[in-house]
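Chemist:
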Amino acid sequence: MALQPCGPVVDPNAAARAFERLADPASEQGWTGLLEGAWSALAPIFAASPYLFGLARRWPELLRDLLAEGPDERLGRVLAATEALTGGADDLRAPLRRLKGELHLLTALADLGGVWDLDQVTGALSRFADASVNAALRAVADDQRERGKLVSGPDDPRGPVPGLFGLAMGKHGAFELNYSSDIDISLFWEPEGLIPALAEGVEPQRFVDRLAQALAALMQERTGDGYVFRVDLRLRPDPSSTPPVVAAPTALAYYESVGQNWERAAFIKARPVLGDVAAGRGFLKALTPFIWRRSLDYPAILDIQSIKRQIHVHKTGEGLEAAGANLKLGRGGIREIEFFAQTQQLILGGRDPGLREPRTVDALAALRDAGHVEPDACADLTAAYVELRGLEHRVQMLEDEQTHSLPVDPAARARVAALTGEGDLAVFDTRVEALLVGVNRRYGELFEGEEALSSPYGSLVFTGVENDPETLETLARMGFSDPAMVAETIRSWHHGRIPATRTARGRELFTRLAPRLLTALADTGAADAAFRRFAVFFSGLSGGVQVQALFLAQPKLFDLVVGVMAFAPRLARTLGRYPAALDSMLDARFTRSIEEDTGVVDQMGAEAAAAPDFETAMNVVRRVHREQMFRIGVQTLTGRVGPEEAGRAYTTLADACLGALAPAAMAETMRQGGTLSGGAVAVVALGKAGSREMTATSDLDLMTVYDAPAEAMSDARHWAAGVFYSRFTQRLIAALSAHTAEGGLYEVDMRLRPGAAKGPVSLRLSAVEDYYATEADTWEFMALTRARVVWTDDPAFGARTAATLESILRRPRPGVALAADARRMRDLMARERPGQGDWDVKLAPGGQVDAEFVAQVRQLRSARAGGPLTVSTLEALADDPDLAEAWRLQQALSQILGAAFDDRPDPDQEPEGFRQRLAKAAGFESFDALKAGLAEARRAARAAFEAALPLVGDGD
19 MALQPCGPVV DPNAAARAFE RLADPASEQG WTGLLEGAWS ALAPIFAASP
69 YLFGLARRWP ELLRDLLAEG PDERLGRVLA ATEALTGGAD DLRAPLRRLK
119 GELHLLTALA DLGGVWDLDQ VTGALSRFAD ASVNAALRAV ADDQRERGKL
169 VSGPDDPRGP VPGLFGLAMG KHGAFELNYS SDIDISLFWE PEGLIPALAE
219 GVEPQRFVDR LAQALAALMQ ERTGDGYVFR VDLRLRPDPS STPPVVAAPT
269 ALAYYESVGQ NWERAAFIKA RPVLGDVAAG RGFLKALTPF IWRRSLDYPA
319 ILDIQSIKRQ IHVHKTGEGL EAAGANLKLG RGGIREIEFF AQTQQLILGG
369 RDPGLREPRT VDALAALRDA GHVEPDACAD LTAAYVELRG LEHRVQMLED
419 EQTHSLPVDP AARARVAALT GEGDLAVFDT RVEALLVGVN RRYGELFEGE
469 EALSSPYGSL VFTGVENDPE TLETLARMGF SDPAMVAETI RSWHHGRIPA
519 TRTARGRELF TRLAPRLLTA LADTGAADAA FRRFAVFFSG LSGGVQVQAL
569 FLAQPKLFDL VVGVMAFAPR LARTLGRYPA ALDSMLDARF TRSIEEDTGV
619 VDQMGAEAAA APDFETAMNV VRRVHREQMF RIGVQTLTGR VGPEEAGRAY
669 TTLADACLGA LAPAAMAETM RQGGTLSGGA VAVVALGKAG SREMTATSDL
719 DLMTVYDAPA EAMSDARHWA AGVFYSRFTQ RLIAALSAHT AEGGLYEVDM
769 RLRPGAAKGP VSLRLSAVED YYATEADTWE FMALTRARVV WTDDPAFGAR
819 TAATLESILR RPRPGVALAA DARRMRDLMA RERPGQGDWD VKLAPGGQVD
869 AEFVAQVRQL RSARAGGPLT VSTLEALADD PDLAEAWRLQ QALSQILGAA
919 FDDRPDPDQE PEGFRQRLAK AAGFESFDAL KAGLAEARRA ARAAFEAALP
969 LVGDGD
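Numbering (this note's numbering), first residue to last: 19 to 974.
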């Protein structure tokens, strides 16, 4: 083989040592003259590549034979020797590796010495891959015959294992294999061919899976002789959930139903290479309609284009550097040229078979000849492809590593430069950078003007079976702590593993939605939490076409949902558990003022009244309640409403639920016990429900009071009035608090009713009067200042109840020290239930409880003096501005935190975006300003509290 020097000798000392090591065997074997004659070409190679010198040093006779013989003849001998190998796996392990070493030395010398061009190099590598993998299959099949599991003959025309076939995919399939590439083999089996070839009782799936594992091990295990090829079996249908060898009928069904466009692109290069080749040809023929579609609608064309558009195209060469450049997957790399050709082949090849070329260079030429690619673009990309593949080979020749990146280390990169003929590293780097910029520019011209499917953060490529390095870097820049998990989840959705993407249209829409989703999640500053919650929601959709189309058509709605996912786990869980809650966002009433009567309350009452039974009524109310809670929460979080409006809205909703369910509870009580003539009942709200200051997490403080003739009894079960109304109260509590298939409503607290510790759950109105006249403590009168009748079955009785409660408050209580009693109660609370940190807006010193105690004492004094009464805390604090301001501020925080979280959060640990929203809702420019303002407001409020309710003994 007549070799030409590939470039300068990058390390003369290494070259001298190499010659010294090879001179002895050359002298012993009588080929010193051959070595010396070729040394000017060998020195640059062995000085730069430790791997190639290692091969020559290990097997010097191979080097001798390669130098003495033409490369084509030598290749023929290598292939013939490989095809002639016989025996089992143990017999082939060493000879296969030696033949691979000879093939590697041959191709490197022929390439670097200017004897072979790119096609000859990749062709030689691919043909040896064919021969070696077939030899390995024969060997492992022979082992199975020895074990009695395979009963077909070794000379069966259908191959070593009838019915088993393998497709060479990717570059191997197109005879474009690179120097240190693995080989992508997709293995399938035909039941009618395989099962008769197996011994009785051998399970076919288990047999072929073990055979595939043995085949891969024989090829890729590293021994003292090296390895043959790394084998990748993942280019099969949904590799994370299918066995290594897939039954052909199963595979065909997969590709016809959920096959993706990148899988169609992969099959452009597919070639039957292994085993039952005839079965492989039949399989590919059956796949032709999947790979080459004759008719494509516009969404399908856009989805094909997405293979290209997921890669971020830069308008300039900024950031493109030779050091560390990924020649395959990076910007301006080999993949961009391949995608440039394959995307157009998929769109046009269904109607034009002449475009179905598996080899990239041939595909570019076919597209040019058909008028789809400009001649100069074809010429530029073809030349760039050849040069990039040559660079890729030289990178891999250094150490036989499956890498596609130019070394970052200048010394290592200089070795690559020397193998390309360049001795000046700066010139080499400039040339490489210009090459990458040129490819990226041509790539950007394809489908120019279409919607970008990358992100401002970078490329987002989810094709193939392994994670794209640039995509992982993009996801890391976006703030995801586990980019690989995110990429695998997105890829699984592309595979149709959830209902939202099970249809072709759903997957086409998701291709467009995915980059918007990830970018929006990143922009929240809480990417991990938002993605986790969105995944729960998205996976729970029963169908995804309408929702995804909606998100794409209404970006503001989409951003709103993503914001909920990022900052409001409570609302996100509502969407996750009940994706139909999203429908409420489509209702025109969703964005209307929450203080406006939208008709929802009347609708809920009418539907509950029309329900055929108690449980149905409960579920009707829960569905409407869930949608309205979500609506109020979203408007609260987005600042559309203030804390006072939110409090009224939550309370109005609670009143509506009571108004719908109390009649249902009464009907259920009457169904079980009969009618009670002459009686009437009222439901009274206390606490924040009574004062119309509820938040998303408020429970319902209730009591029920009734009146009835002393002798009244129900006509069916003869329940006395006390029993009848207690049963009604119990059913009302169940209706409000029980969890059904539609969820729950409220926790109900009856402990503020008179005699709660030992009395009945429902009290006769006269008993209430008696209790407050004789037994009630001051704190119970304080609680009564927020009492409000919210439902009654007799308006006259409701009015009488309200009047009675007011008269109780106004009744003189001589000898009672209101302020002293209130202060003792507050101090007891502080000891037994101290505040839980700075964000406990309720119990912290200067918190809401301090303000509410003062407000309630003010009301009791006003009642005693005959002044006006109000259930509103702020109205009661009209003369206490410091307390009112602190209560208002903390109510704003309570509304935001309640809408966003179920438990007590620590805003200091929440994402920056949430902290800013919290500050804005409270009227501050920044989170730090909020914390400072909160501390100051509490300080002033506590001082006002101390003045209004001084310590006992300081002058009540």
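All C-beta atoms in this analysis are idealised placements derived from N, C-alpha and C, irrespective of residue type, glycine included.
#1: Which whole-angstrom value is the C-beta distance of W310 and R377, which I expect to be below 8 Å?
#2: Check for me: the alpha helix (DSSP H) holding D620 runs from which residue to which?
#3: I need the straight-line Cα distance from A940 to W737, nearest angstrom please.
#4: Report buried or exposed for Q909, applying the criterion of at least 16 other Cβ atoms within 10 angstroms of its Cβ.
#5: Just the C-alpha distance for G298 and A215, rounded to the nearest angstrom, thanks.
#6: Answer yes if the stretch 799-809 comes into contact with the stretch 929-939, meaning at least three C-beta pairs across the two stretches below 8 Å, and no otherwise.
#7: Is it the case that the stretch 651-669 contacts the stretch 610-617, given that we only count it when at least three CB pairs across the two stretches are under 8 Å?
#8: Assign N31 to buried or exposed, taking buried as 16 or more other Cβ atoms, counted over all protein chains shown, within 10 Å of its Cβ.
#9: By Cβ distance below 6 Å, which residues in the same chain neighbour V276 in space, the five residues on each side in sequence not counted?
#10: For L464 versus A341, is the C-beta spacing smaller than 9 Å?
#11: If you reduce the DSSP assignment to three classes, tell me which class A388 lands in.
#12: Determine the burial state of A126: buried for a count of at least 16 other Cβ atoms within 10 Å of its Cβ, exposed for fewer.
#13: Quick one: which unbroken alpha helix (DSSP H) runs of 4-plus residues sit fully inside the stretch 221-309? Chain order, please.
#14: Rounded to the nearest angstrom, what separates E488 and L338 at their Cα positions?
#15: From R829 to R882, what distance separates their C-alpha atoms?
#16: Count the other CB atoms, across all protein chains shown, that sit within 10 Å of the CB of K189; report buried if there are 16 or more and exposed otherwise.
#17: Indicate the three-state DSSP secondary structure (helix, strand or coil) for D546 in the structure shown.
#18: Which first and last residues belong to the alpha helix (DSSP H) in which I751 is found?
#19: I'd like to know whether the C-beta atoms of L168 and F225 end up nearer to each other than 9 Å.
#20: Below 8 Å on the Cβ atoms is my guess for A707 versus A672; work out the distance and round it to an integer in Å.
#21: For a test of the three-state rule: what should DSSP assign to M847, helix, strand or coil?
#22: Report yes or no: do the stretch 55-63 and the stretch 19-39 share at least 3 C-beta pairs separated by less than 8 Å?
#23: How about the stretch 687-703 and the stretch 746-754: do they share at least three Cβ pairs that are nearer than 8 Å?
#24: What do you get for S199, buried or exposed, if any count of 16 or more other CB atoms within 10 angstroms of its CB means buried?
#25: Quick check: E765 and D717, are their CB atoms within less than 9 Å of each other?
#26: Quick check: the stretch 276-295 against the stretch 538-553, are at least 3 beta-carbon pairs closer than 8 Å?
#27: Would you check if there are 3 or more beta carbon pairs closer than 8 Å linking the stretch 437-444 to the stretch 389-397?
#28: How about L539 and V565: do their beta carbons lie closer than 9 Å?
#29: Check whether the stretch 867-878 and the stretch 898-912 are in contact - that is, three or more C-beta pairs closer than 8 Å.
#30: From the DSSP output, in three-state form, read off G335 for me.
#31: Which residue comes first and which comes last in the alpha helix (DSSP H) that contains A12?
#32: Does the distance from the C-beta atom of A726 to that of A714 stay below 9 Å?
#33: Would you grab the beta carbon distance between D243 and R116 for me? Rounded to a whole angstrom, and I think it's under 8 Å.
#34: Relative to the C-alpha of A283, which candidate in D839, A234, F357, E506 has its C-alpha closest?
#35: When we look at the beta-carbon of R956 and count the other beta-carbons within 10 Å, is it buried (16 or more) or exposed?
#36: Taking only three categories from DSSP, how would you classify M19?
Modeler: Once the coordinates are examined:
#1: Here the question's residue 310 lines up with position 292 in the sequence shown. Here the question's residue 377 lines up with position 359 in the sequence shown. That belief does not hold up - the Cβ atoms of W310 and R377 are roughly 17 Å apart, past 8 Å.
#2: Along the sequence shown, read from residue 1 onward, the residue named residue 620 stands at position 602. Per DSSP, D620 belongs to the alpha helix (DSSP H) from 618-628.
#3: Position 922 of the sequence shown, counted from the first residue, corresponds to residue 940. Position 719 of the sequence shown, counted from the first residue, corresponds to residue 737. Between A940 and W737, the C-alpha separation is close to 53 Å.
#4: The count along the sequence shown starts at 1 and reaches residue 909 at position 891. Counting Cβ neighbours within 10 Å, Q909 comes out buried, since at least 16 surround it.
#5: Here residue 298 refers to the residue found at position 280 of the sequence shown. Here residue 215 refers to the residue found at position 197 of the sequence shown. Cα-Cα distance, rounded: 17 Å.
#6: no
#7: yes
#8: On the sequence shown, position 13 is the one that residue 31 refers to. Under this definition N31 is an exposed residue.
#9: Reading the sequence shown from its first residue, position 258 is the one you call residue 276. The answer, listed in chain order, is G514.
#10: The residue you call residue 464 lines up with position 446 of the sequence shown. The residue you call residue 341 lines up with position 323 of the sequence shown. No; because the gap between Cβ atoms is not below 9 Å, this pair is not in contact.
#11: By one-based count along the sequence shown, residue 388 stands at place 370. A388 falls in the coil class under three-state DSSP.
#12: To locate residue 126, count along the sequence shown from 1; it is residue 108. Looking at its Cβ environment, which holds 16 or more other Cβ atoms inside 10 Å, A126 is buried.
#13: 222-238, 266-276, 279-285, 295-309
#14: As a position in the sequence shown, residue 488 is number 470, starting the count at 1. As a position in the sequence shown, residue 338 is number 320, starting the count at 1. Distance between the alpha carbons of E488 and L338: 13 Å.
#15: Sequence index remark: in the sequence shown, residue 829 carries index 811 (1-based). Sequence index remark: in the sequence shown, residue 882 carries index 864 (1-based). C-alpha separation (whole angstroms): 7 Å.
#16: Residue mapping note: residue 189 aligns to position 171 of the sequence shown, counting from 1. It counts as buried.
#17: The residue labelled residue 546 in the question sits at position 528 within the sequence shown. D546 falls in the helix class under three-state DSSP.
#18: Position 733 of the sequence shown, counted from the start, is the residue given in the question as residue 751. That run of the alpha helix (DSSP H) goes 739-755.
#19: In the sequence shown, residue 168 corresponds to position 150, counting from 1. In the sequence shown, residue 225 corresponds to position 207, counting from 1. Cβ atoms of L168 and F225: closer than 9 Å.
#20: In the sequence shown, residue 707 corresponds to position 689, counting from 1. In the sequence shown, residue 672 corresponds to position 654, counting from 1. With a Cβ gap of about 6 Å, A707 and A672 count as contacting.
#21: The residue you call residue 847 lines up with position 829 of the sequence shown. Helix, per DSSP.
#22: yes
#23: yes
#24: Residue numbering aside, residue 199 sits at position 181 when the sequence shown is read from its first letter. With 16 or more other Cβ atoms within 10 Å, it is buried.
#25: Mapped onto the sequence shown, residue 765 falls at position 747. Mapped onto the sequence shown, residue 717 falls at position 699. Cβ atoms of E765 and D717: closer than 9 Å.
#26: no
#27: no
#28: Against the sequence shown, residue 539 aligns to sequence position 521. Against the sequence shown, residue 565 aligns to sequence position 547. Going by C-beta atoms, L539 is not nearer than 9 Å to V565.
#29: yes
#30: Position 317 of the sequence shown, counting from 1, holds the residue named residue 335. Residue placement at G335 is poorly supported in this model, since its pLDDT is 47, which falls under 50; the coordinates are not used for a value here.
#31: Outside the shown range of the chain (19 to 974) lies residue 12, about which nothing can therefore be said.
#32: For the purposes of this step, residue 726 is taken as the residue at position 708 of the sequence shown. For the purposes of this step, residue 714 is taken as the residue at position 696 of the sequence shown. Contact: no.
#33: Taking the first residue of the sequence shown as position 1, residue 243 is located at position 225. Taking the first residue of the sequence shown as position 1, residue 116 is located at position 98. Correct: roughly 6 Å between the Cβ atoms.
#34: Taking the first residue of the sequence shown as position 1, residue 283 is located at position 265. With distances taken between Cα atoms, A283 lies closest to F357.
#35: As a first step, residue 956 is located in the sequence shown; it is residue number 938 there, counting from the start. Answer is buried; the Cβ neighbour count reaches 16.
#36: By one-based count along the sequence shown, residue 19 stands at place 1. Of the three classes helix, strand and coil, the one that applies to M19 here is coil, per DSSP.
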